[in-house]
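Before any comments, here is the structure.
2 protein chains.
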Amino acid sequence: MPRTTDGDGTPVPQRLLNAATRLFAEQGYDRTSVQEIVEAAGVTKGALYHYFGSKDDLLHEVYARVLRVQQERLDHFAGMDAPVEKRLRDAAADVVVTTIDNLDDAMIFFRSMHHLSPEKNKQVRAERRRYHERFRALIEEGQREGVFSTATPADLVVDYHFGSVHHLSTWYRPGGPLTPQQVADHLADLLLRALRP
Amino acid sequence: MPRTTDGDGTPVPQRLLNAATRLFAEQGYDRTSVQEIVEAAGVTKGALYHYFGSKDDLLHEVYARVLRVQQERLDHFAGMDAPVEKRLRDAAADVVVTTIDNLDDAMIFFRSMHHLSPEKNKQVRAERRRYHERFRALIEEGQREGVFSTATPADLVVDYHFGSVHHLSTWYRPGGPLTPQQVADHLADLLLRALRP
DNA sequence: TTACACATACCGACTGGTTAGTCTGGCTGT
DNA sequence: ACAGCCAGACTAACCAGTCGGTATGTGTAA
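So the protein lines, in turn, are chains A and B. Residue numbering for the first sequence follows the working numbering, starting at 2 and increasing by one per position. Residue numbering for the second sequence follows the working numbering, starting at 2 and increasing by one per position.
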């Protein structure tokens, strides 16, 4: 039996990534020592450096996972067969729910970019930009069709909405008065209302 | 002649605070050593610890300054003699312009809260809450008067707007296609449009 | 006016503690 | 016996904060 799953059923790399995600979100990247991570994962440094090249690498994996998931979900909603208002609303609400479901990821995402090495940072920015552009395309489509106002450049509208998504990790607390879905519906509604012609 | 101003006309505490603000924004709090700060300010550690109790204290000063300035500006706009739509629009646009004019502050503000000591953190949160509530009161006033939609709770609307304000430090770059005032007008416009009944 | 005391402003070497990453070696299944 | 998997002691670097010391200005009293 390989050691990769001893302790519980989760493979060691996963356990390390989960522990790192939680700790990075709770304490910040710099305040989290590699020692803490391996202890939380129930292994030692040898294991960590066997699977990951550096502490920085671990952080990069968090970004890669978030970006992959969000891009897939956006593609799903944007590619549906429905009026653009509905596709935008669904996509906008979905990213809110997904973000709330993974608040730790969101916390890290917008707080720790500058801890990535320059080339990893660049890579993450490029990926994020693709996401941004996909979202913007949806808005521009609606603007061309005349169902969305053209008063504000689509770029700015995207930043407006994602600002609020980003901000979720600052104020949303599970157990608050609103469920993730209710928050998502409200925020998507605000976006669509702002876009009314 | 006291040493407080030798070198140039700026007093040493100011020079230290300016250097710290810039470096914290550029590299993050943990990545900035006290040595770097004192070198950038043209003094030594002795001077820093003469005026400030700790590195953490320096960060706290940044927060205190931002909170004081923003609260004063909000009070000014909210207290004017004008319809609530205009007061809200002006306040919403002003915070955008002020934030862009001090992007370093904004960068630090939302990225470094967790680097403050627990009691300083609590203090900052309390101050920030007062600000949030003042802004919310404006929206609620408009909702009572019937000029703003009540579809979304005022609290959420505030977080929606300030999300986009925080986000500015992530995407806005001086020299971009839009002036600070143009960005502010657009973002205030989006807010007001979302609030149309 | 001079002399002495005292405070403020600052210098910079030093200390105690922490950290990311390395490396040697052992275990386990095939 | 070989290869992937991992343990844990070790190292080299770094950093916040301290502390004894120096310089300059200000008040006071002879």
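A virtual CB, placed ideally from N, CA and C, is assigned to each residue, including glycine.
Quiz item: Can you list, in chain order, the residues of the segment 10-39 of chain B whose Cβ is nearer than 9 Å to any Cβ on chain A?
Solution: E27, Q28, G29, Y30, D31 and R32
Quiz prompt | Any alpha helix (DSSP H) of 4 or more consecutive residues that is wholly inside the segment 28-73 of chain B | solution = 35-42 and 46-52
Quiz prompt | Members of the segment 158-171 of chain A near chain B, C-beta cut-off 9 Å | solution = V158, D160, Y161, H162, F163, G164, S165, V166, H167, H168, L169 and T171
Practice problem: Might you give, ordered along the chain, the residues of its own chain that have their beta carbon closer than 8 Å to the beta carbon of B:G147, omitting 5 neighbours on each side? | Solution: P198
Practice problem: Round the Cβ separation of B:K220 and B:D31 to the nearest angstrom and send it over; I've been treating them as touching at under 8 Å. | Solution: Chain B is shown from 2 up to 198; residue 220 of chain B falls before or after that span and cannot be answered.
Quiz item: Taking the alpha-carbon positions, what's the A:R4 to A:H51 distance?
Solution: Caution is warranted here: a pLDDT of 39 is assigned to A:R4, below 50, making its placement in the model unreliable, and no coordinate value can be reported.
Practice problem: Quick one: which residues of the segment 177-198 of chain A get their C-beta closer than 9 Å to a C-beta of chain B? List them in chain order. | Solution: P178, L179, V184, H187, L188, D190, L191, L192, L193, R194, A195, L196 and R197
Quiz prompt | Distance between B:R88 and A:A20 (C-alpha atoms, nearest Å) | solution = 47 Å
Exercise. Could you check if A:H187 is buried or exposed, using at least 16 other CB atoms within 10 Å of its CB as the buried criterion?
Key: Here A:H187 is buried: its Cβ has 16 or more other Cβ atoms, across all protein chains shown, within 10 Å.
Self-check item: Opening and closing residue of the alpha helix (DSSP H) in which B:M108 lies
Solution: L104 to R112
Quiz prompt | Reference A:E142; option with closest CA among A:I109, A:P175, A:H167 and A:G80 | solution = A:G80
Self-check item: Euclidean distance between Cα positions of B:T153 and B:A107
Solution: 27 Å
Quiz item: Between the segment 124-133 of chain B and the segment 55-75 of chain B, are three or more C-beta pairs nearer than 8 Å?
Solution: yes
Quiz item: Under 8 Å between C-beta atoms, does B:T153 make it to chain A?
Solution: yes
Quiz prompt | Amino acids of chain A, ordered along the chain, whose beta-carbon sits closer than 8 Å to that of B:H236 | solution = Any property of residue 236 of chain B remains undetermined from this structure, which presents chain B solely from 2 to 198.
Quiz item: Can you tell me whether B:T45 is buried or exposed, with buried defined as 16 or more other CB within 10 angstroms of its CB?
Solution: exposed
Exercise. Please report how far the alpha carbon of A:A224 lies from the alpha carbon of A:G10, in whole angstroms.
Key: Missing from the structure shown is residue 224 of chain A; chain A here goes from 2 to 198 and no further.
Practice problem: Please check if any C-beta of chain B sits within less than 8 Å of the C-beta of A:H211. | Solution: Chain A is shown from 2 up to 198; residue 211 of chain A falls before or after that span and cannot be answered.
Quiz item: Under 8 Å, do B:E62 and B:L18 count as touching if we go by C-beta distance?
Solution: yes
Quiz prompt | Cβ-based neighbour list, B:I132, same chain, cut-off 8 Å, excluding 5 preceding and 5 following | solution = Just to set this straight, residue 132 of chain B is Tyr in the shown sequence, not Ile. Within the same chain, B:Y132 has close Cβ partners L68, Q71, Q72 and L75.
Practice problem: Could you have a look at B:A195 and say whether DSSP puts it in helix, strand or coil? | Solution: Helix.
Self-check item: First and last residue of the uninterrupted alpha helix (DSSP H) at A:S165
Solution: A155 to W172
Quiz item: Helix or strand or just coil, what does DSSP make of A:V148?
Solution: coil
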